[in-house]
């Protein structure tokens, strides 16, 4: 059962994706109620693409799948933490392991 979450004006909630075993932050994406339901149903991350305005299951085309280990929400119920097992090269669409690979100097 999905708890009462605080979605933004577009019906979305940010989802931080973290490697369950290491704690490494892999990416940030957005989910809506339907994508959360699909994620729980299939056991893989499903997000809402703001640019394409459609659902996308991570790794469906790339093979870089995220198997969900745990789905948590914060104290304000306005952010999700998705702990996953990252399968394949990585989470970033650029080919990097994580989307957070650039440093501000």
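Numbering (our numbering), first residue to last: 24 to 128.
Built from N, CA and C at the ideal position, the CB exists for glycine as well.
Scanning 70, 41 and 35 for the CA closest to the CA of residue 93 turns up 41. Around the beta carbon of residue 58, 16 or more other beta carbons lie within 10 angstroms, which makes this residue buried. Rounded to the nearest angstrom, the gap between the Cα atoms of residue 25 and residue 72 is 20 Å.
Looking at the backbone, the Cα of residue 77 and that of residue 61 are separated by about 13 Å. Membership of residue 108 in the beta strand (DSSP E) is indicated by the continuous run 103-109. Under the DSSP definition of a beta bridge, residue 72 partners with 77.
With respect to residue 48, residue 68 sits apart: the two C-beta atoms are not nearer than 8 Å.
With respect to the 8 Å criterion, residue 53 and residue 70 are classified as neighbours on the basis of their beta carbons. Rounded to whole angstroms, residue 123 and residue 50 show a C-alpha spacing of 7 Å.
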